[in-house]
Amino acid sequence: MFEDQQRDAVEAFMKADAEFRRLYQHHKELDSKVHDAEIGVLPIDDVTLLGMKKEKLYAKEKLQRMWDSRTHHIN
155 MFEDQQRDAV EAFMKADAEF RRLYQHHKEL DSKVHDAEIG VLPIDDVTLL GMKKEKLYAK
215 EKLQRMWDSR THHIN
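Residue 228 in the working numbering is what sits at position 74 of the sequence shown, and the numbering runs on without skipping anything.
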């Protein structure tokens, strides 16, 4: 996520905004768990996996809104 943004800018935003940092870390954690489940390392049922994917998508969308809001205030 935010691969097309400058890493320094993302890190600065994480330092300045605790909610963004928390949500970013939560998204990374979910991403790792979803990946592990999909390759069979983390045994979970399909319903749980679907829930994790939805939660991950919600987090990503919220992070993107926060990022967009931040960049609009700067410009």
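Built from N, CA and C at the ideal position, the CB exists for glycine as well.
Could you give the first and the last residue of the continuous alpha helix (DSSP H) run that contains residue i?
i	result
LEU196	LEU196 -> no alpha helix (DSSP H), and no H or E assigned at all.
ASP171	From DSSP, ASP171 is part of no alpha helix (DSSP H); its letter is neither H nor E.
Starting from the Cα of residue i, find the closest Cα among the options and give me that residue.
i	options	result
LYS223	GLN160, PHE167, THR202 and ASP162	Sequence check: residue 223 is Ser here, not Lys. Closest option to SER223, Cα to Cα, is PHE167.
LYS207	VAL164, LEU217, PHE174 and SER186	SER186
ALA191	GLN179, HIS180, HIS181 and LEU204	LEU204
ALA213	GLN179, ILE193 and GLN160	GLN179
Quick one: measure Cβ to Cβ for residue i and residue j, integer angstroms, because I've assumed they're closer than 8 Å.
i	j	result
LYS210	VAL188	6 Å
LEU217	LEU177	6 Å
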